[in-house]
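Colleague:
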Amino acid sequence: MLKEKIIACFSGGKDSTYMLHKLLKENKYEVVSLLTTVTTDDETSGHMVDFKLIQAQAESIGIPLYKIQYPLYDGKGFEKGLIDAMNFFGNQGISKIAFGDLFLEDCIEYKKNLVESNSYELILPLAGINTKQLVQEFIDLGYKAKIVSIRLDKLDPSFLGRDLDQKFIKDLPDDVDPCGEFGEYHSFVYNGDIFSNPIQLDLEDEMFVLPANQFFSEVGYKRVVKV
Numbered sequence: 001m002l003k004e005k006i007i008a009c010f011s012g013g014k015d016s017t018y019m020l021h022k023l024l025k026e027n028k029y030e031v032v033s034l035l036t037t038v039t040t041d042d043e044t045s046g047h048m049v050d051f052k053l054i055q056a057q058a059e060s061i062g063i064p065l066y067k068i069q070y071p072l073y074d075g076k077g078f079e080k081g082l083i084d085a086m087n088f089f090g091n092q093g094i095s096k097i098a099f100g101d102l103f104l105e106d107c108i109e110y111k112k113n114l115v116e117s118n119s120y121e122l123i124l125p126l127a128g129i130n131t132k133q134l135v136q137e138f139i140d141l142g143y144k145a146k147i148v149s150i151r152l153d154k155l156d157p158s159f160l161g162r163d164l165d166q167k168f169i170k171d172l173p174d175d176v177d178p179c180g181e182f183g184e185y186h187s188f189v190y191n192g193d194i195f196s197n198p199i200q201l202d203l204e205d206e207m208f209v210l211p212a213n214q215f216f217s218e219v220g221y222k223r224v225v226k227v
């Protein structure tokens, strides 16, 4: 059966990695490119991971990577970059784009309107999956990830740098979503089923802080270093 070509947004974290895992294992789509959004400092928005590490992931997975760059918190910059990407791949006959969203209706509706207004179809392989079930499946499949950023109003700084494993999930406070769907934590995946080789990495000791603003809570993060 001829696979349908698709592009997929990829942050390097567990949700987008598991979304990509599902797309590749379904054998329905050919993922022709990953799309990654980065700030003008060349760090992924939200996770604050150096773009070079996302490149290392893409190389290990074996899928080309397309970079969308705009200033941090610049929603219009994100929209323009995504539209430019959709136009670029649309000229190659592609009309579907996948995201790793789970259940936040506002986010899903926003993306649906944005992509459909540009003649694309939104594909959400993870939509509706229970978040506790999802993170358990991710761990059971053998994926390895480090916690790289947290909301400081939800988690103690000691959660930074930990492995995303059973103990981490067990230690999460009751008011924190198991997948961190409300931004409570973000992760960087460095090994697993779709990787041909692990990403050798380390986390710096120092914690950096992004102050709270009208859109986001205060975020603490540690820089990931490729070794």
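full-length UniProt numbering puts the sequence shown at residues 1 to 227.
Each residue gets a CB set at the ideal place from its N, CA and C atoms; glycine is no exception.
Cβ of E26 within 8 Å of Cβ of I6?
Modeller: As a working note, residue 26 is residue 26 in the sequence shown. As a working note, residue 6 is residue 6 in the sequence shown. Result no, Cβ atoms of E26 and I6 do not sit closer than 8 Å.
Colleague: What does DSSP give as the partner residue(s) for G220 in the beta ladder?
Modeller: Within the sequence shown, residue 220 is the residue found at index 220, counting from 1. I150 and V209.
Colleague: Looking at C-alpha atoms only, which residue of I199, K146, P211 and N197 is the closest neighbour of K222?
Modeller: On the sequence shown, residue 222 is found 222 positions in, with the first residue counted as 1. Of the candidates I199, K146, P211 and N197, the one whose C-alpha sits nearest the C-alpha of K222 is K146.
Colleague: Rounding to the nearest angstrom, what Cα-Cα distance links A212 and V219 in this structure?
Modeller: Stepping through the sequence shown from its first residue, residue 212 is reached at position 212. Stepping through the sequence shown from its first residue, residue 219 is reached at position 219. Taking the straight line from one Cα to the other gives about 7 Å.
Colleague: Please check the pair I61 and F195, which I expect to be a contact at CB under 8 Å, by giving their CB distance rounded to whole angstroms.
Modeller: As a working note, residue 61 is residue 61 in the sequence shown. As a working note, residue 195 is residue 195 in the sequence shown. Indeed they touch by this definition, with Cβ atoms about 6 Å apart.
Colleague: For G100 versus D15, is the C-beta distance shorter than 8 Å?
Modeller: In the sequence shown, residue 100 corresponds to position 100, counting from 1. In the sequence shown, residue 15 corresponds to position 15, counting from 1. A contact, by the Cβ cut-off of 8 Å.
Colleague: DSSP has L34 in a bridge; who is on the other side?
Modeller: For this step, residue 34 is matched to residue 34 along the sequence shown. Paired residue(s): A8 and L65.
Colleague: Just to check my reading of the structure: T17 and V189 have Cβ atoms closer than 8 Å, yes? What is that Cβ distance to the nearest angstrom?
Modeller: Residue 17 sits at position 17 when you count from the first residue of the sequence shown. Residue 189 sits at position 189 when you count from the first residue of the sequence shown. Right, the Cβ-Cβ distance comes to about 4 Å (below 8 Å), so this counts as a contact.
Colleague: Determine, using beta carbons only, whether K96 and I123 come nearer to each other than 8 Å.
Modeller: As a working mapping, residue 96 is identified with position 96 in the sequence shown. As a working mapping, residue 123 is identified with position 123 in the sequence shown. Cβ distance < 8 Å, so K96 and I123 count as in contact.
Colleague: Can you give me the C-alpha to C-alpha distance between S45 and F216, rounded to a whole angstrom?
Modeller: What you label residue 45 is simply residue 45 of the sequence shown in a count that begins at 1. What you label residue 216 is simply residue 216 of the sequence shown in a count that begins at 1. Spanning the two alpha carbons is a distance of roughly 12 Å.
Colleague: DSSP three-state call for residue 313: helix, strand or coil?
Modeller: No statement about residue 313 is possible, as the shown extent of the chain runs from 1 to 227 and does not include it.
Colleague: Using CA coordinates, which residue listed in D177, D156, D84 and L24 is at the minimum distance from Y66?
Modeller: Within the sequence shown, the letter at position 66 stands for residue 66. Looking at the Cα atoms, D84 is the closest of the given residues.
Colleague: Of all the options P157, M86, A8 and L53, which has the alpha carbon lying nearest to the alpha carbon of P198?
Modeller: Here residue 198 is taken as the residue at index 198 of the sequence shown, counted from 1. Of P157, M86, A8 and L53, the residue nearest in Cα terms is L53.
Colleague: Which same chain residues end up closer than 8 Å to I165 when comparing Cβ atoms and leaving out the 5 residues on each side of it in sequence?
Modeller: Position 165 of the sequence shown, counting from 1, holds the residue named residue 165. For clarity, residue 165 is Asp in the given sequence; the question names Ile instead. I139, listed in sequence order.
Colleague: Looking only at C-alpha atoms, which of E105, I68, E204 and P64 sits nearest to S33?
Modeller: As a first step, residue 33 must be located in the sequence shown, where it is residue number 33. Nearest option by C-alpha distance: P64.
Colleague: Return the residue from the list Q92, V38, Q55 and G13 that minimises the CA-CA distance to G77.
Modeller: On the sequence shown, position 77 is the one that residue 77 refers to. For the residues Q92, V38, Q55 and G13, the minimum Cα distance to G77 belongs to V38.
Colleague: Go to Y73, then tell me how far its alpha helix (DSSP H) extends in each direction, as first and last residue.
Modeller: Taking the sequence shown and counting its residues from 1, one reaches residue 73 at position 73. Taken as a continuous stretch (DSSP letters only), Y73 belongs to no alpha helix (DSSP H), as it is neither H nor E.
Colleague: From the DSSP output, which residues share a beta bridge with K96?
Modeller: As a first step, residue 96 is located in the sequence shown; it is residue number 96 there, counting from the start. Bridge partners of K96: E121.
Colleague: Might you give, ordered along the chain, the residues of its own chain that have their beta carbon closer than 8 Å to the beta carbon of P157, omitting 5 neighbours on each side?
Modeller: As a working mapping, residue 157 is identified with position 157 in the sequence shown. Within the same chain, P157 has close Cβ partners I150, M207 and G220.
Colleague: How far does the alpha helix (DSSP H) with D193 in it extend, from its first residue to its last?
Modeller: For this step, residue 193 is matched to residue 193 along the sequence shown. Note, D193: premise wrong, no alpha helix (DSSP H); not H, not E.
Colleague: Check whether the Cβ atoms of L201 and V176 sit closer than 8 Å, and answer yes or no.
Modeller: As a working mapping, residue 201 is identified with position 201 in the sequence shown. As a working mapping, residue 176 is identified with position 176 in the sequence shown. Against a cut-off of 8 Å, the Cβ pair of V176 and L201 comes out as no contact.
Colleague: Are the beta-carbon atoms belonging to M19 and P178 less than 8 Å from one another?
Modeller: Taking the sequence shown and counting its residues from 1, one reaches residue 19 at position 19. Taking the sequence shown and counting its residues from 1, one reaches residue 178 at position 178. Not in contact: M19 and P178 (Cβ atoms no closer than 8 Å).
Colleague: What three-state label does DSSP hand E43 in the structure shown?
Modeller: Looking up residue 43 in the sequence shown gives position 43. E43 falls in the strand class under three-state DSSP.
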